[in-house]
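Student:
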Amino acid sequence: MVLPDVVLGRIERHALGVAEYRSELLAAGQHLKRGLLLYGPPGTGKTHTTRYLVGQMAGYTRLLVTGRALHAVGSVAELARSLEPAVMVLEDVDLVAEDRTHSPGPSPVLFDLLDAMDGAAPDADLLFLLTTNRADLLEPALAARPGRVDVAVEVDLPDAEARGRLLALYGRSVPLELSAAEVEAVVARSEGVTASFLKELLRRAVLESLRDRSPLTTVTAAHVGLALDDLLDSTQRVTRSLLGVGNDQETLPPGGGLGIPPGGATGWAGTMSGAIVRHAGLRPRG
């Protein structure tokens, strides 16, 4: 996981800490049902964080609700209650939990969601894990009662230290040859980008290397610089938007300040529209 320690710690304490100490919490008269909201720009790692948490919750029933399946949230929540301990993931929850002041008509799915979060007994070991790119659109009632959304955590754009770690993470399977100074130059130039952007950057750098020489032997600062030139080019606004990056990055000269002359390198449980159930000894059909 590439998140600031304070952010990851807060997420782990709320999601995993309750699971670890559930017997002690019950003995102390504390409820187990909880809700966690991860919010932030697209491409910052909310889905990856969700997969990490779900992977840490061994022995839990895991249900993913996304896309059109969000409209069946009531039925899925009932299933979660019958199979608890369980974690119920609702991705892009703003699609069905928009602030009612913004909606002219009734919001039956929103009411189903609120009922689902309220319907479980306080001692039910249920985690409602919600994600959204637009926390500003969410219905305030989601946080009005304990056991709905107790903690909201912002998964923000990676800072310089995180961008360096992400480059190392995504470059593990790449024959990347960058000096410390070259890594710092890429990190400095990529301020304001998302994790998805950096992953795509290395993919394009590999392509630049292959254009230079195949089979793949090394990916150098020249290849990374050309890939970064391309991604930050003014004609790539839509691409940057799809990668969750704003269009206010300055387009630098070819080579991007990396000391590279122009032409230096010649040349979760899965995403789906339904719900998945996984449990020890339980497998989905089909």
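This note's numbering numbers the first residue of the sequence shown as 1 and each following residue consecutively. Note that CB positions come from ideal geometry on N, CA and C, so glycine has one too. Note that this is a predicted model, so its numbers are computed, not measured.
For L216, which residues in the same chain have their Cβ closer than 8 Å to its Cβ, ignoring the five residues on either side in sequence?
Tutor: The answer, listed in chain order, is P175, V206, S209 and L210.
Student: Going by C-alpha distance, which of F197, Y39, K46 and M57 is nearest A86?
Tutor: For the residues F197, Y39, K46 and M57, the minimum Cα distance to A86 belongs to M57.
Student: Just to confirm before moving on: does the CB-CB distance between A97 and M88 stay below 7 Å?
Tutor: No, Cβ-Cβ distance for A97 and M88 is not below 7 Å.
Student: Could you give the residue range of the alpha helix (DSSP H) that holds M1?
Tutor: M1 -> no alpha helix (DSSP H), and no H or E assigned at all.
Student: Can you tell which of L169, A160, L167 and S196 has the C-alpha that lies nearest to the C-alpha of A188?
Tutor: Looking at the Cα atoms, A160 is the closest of the given residues.
Student: Count the other C-beta atoms from every protein chain shown that fall within 10 angstroms of the C-beta of H223, then say buried if there are 16 or more, exposed otherwise.
Tutor: H223 should be labelled buried.
Student: Tell me the DSSP secondary structure of M117 in three-state form.
Tutor: Three-state DSSP puts M117 in a helix.
Student: Alpha carbon to alpha carbon, how far is G9 from R285? Give it in angstroms, no decimals.
Tutor: Low confidence applies here, because R285 scores a pLDDT of 37, under 50, leaving its location unreliable and the question unanswered by this model.
Student: Can you give me the Cβ contacts of L142 inside the same chain, cut-off strictly under 7 Å, excluding the 5 residues immediately before and after it?
Tutor: For L142, where only same-chain residues beyond five positions count, the Cβ hits under 7 Å are A97, R148 and V149.
Student: Since L201 and A168 are thought to touch, with beta carbons under 8 Å apart, how far apart are those beta carbons, to the nearest angstrom?
Tutor: Wrong, their Cβ atoms sit about 13 Å apart, outside the cutoff.
Student: To the nearest angstrom, report how far apart V151 and L126 are at their CA atoms.
Tutor: Straight-line Cα distance between these residues: approximately 14 Å.
Student: Please list the terminal residues of the continuous alpha helix (DSSP H) segment that includes T47.
Tutor: Run containing T47: K46 to Q56, per the alpha helix (DSSP H) assignment.
Student: Can you tell which of A181, P140, H31 and G40 has its C-alpha closest to the C-alpha of A221?
Tutor: The candidate whose alpha carbon is nearest that of A221 is A181.
Student: What's the call for G59, buried or exposed, on a 16-neighbour Cβ count within 10 Å?
Tutor: Counting Cβ neighbours within 10 Å, G59 comes out exposed, since fewer than 16 surround it.
Student: In the segment 7-92, which residue ranges form an unbroken alpha helix (DSSP H) of at least 4 residues, counting only runs that do not cross its ends?
Tutor: Complete alpha helix (DSSP H) runs here, min 4: 22-27, 46-56 and 73-82.
Student: Name the DSSP beta bridge partners of V224, please?
Tutor: Answer by DSSP bridge pairing: none, since V224 is not bridged.
Student: Counting only beta-carbon atoms, is E177 nearer than 7 Å to chain D?
Tutor: The chain inventory of the structure shown lacks chain D, comprising one protein chain alone.
Student: Identify the residues that DSSP records as bridge partners of V149: which are they?
Tutor: DSSP lists no partner for V149.
Student: Could you check which residue in A72, A162, V153 and K46 has the C-alpha nearest to that of L114?
Tutor: L114 has its Cα closest to that of A72, out of A72, A162, V153 and K46.
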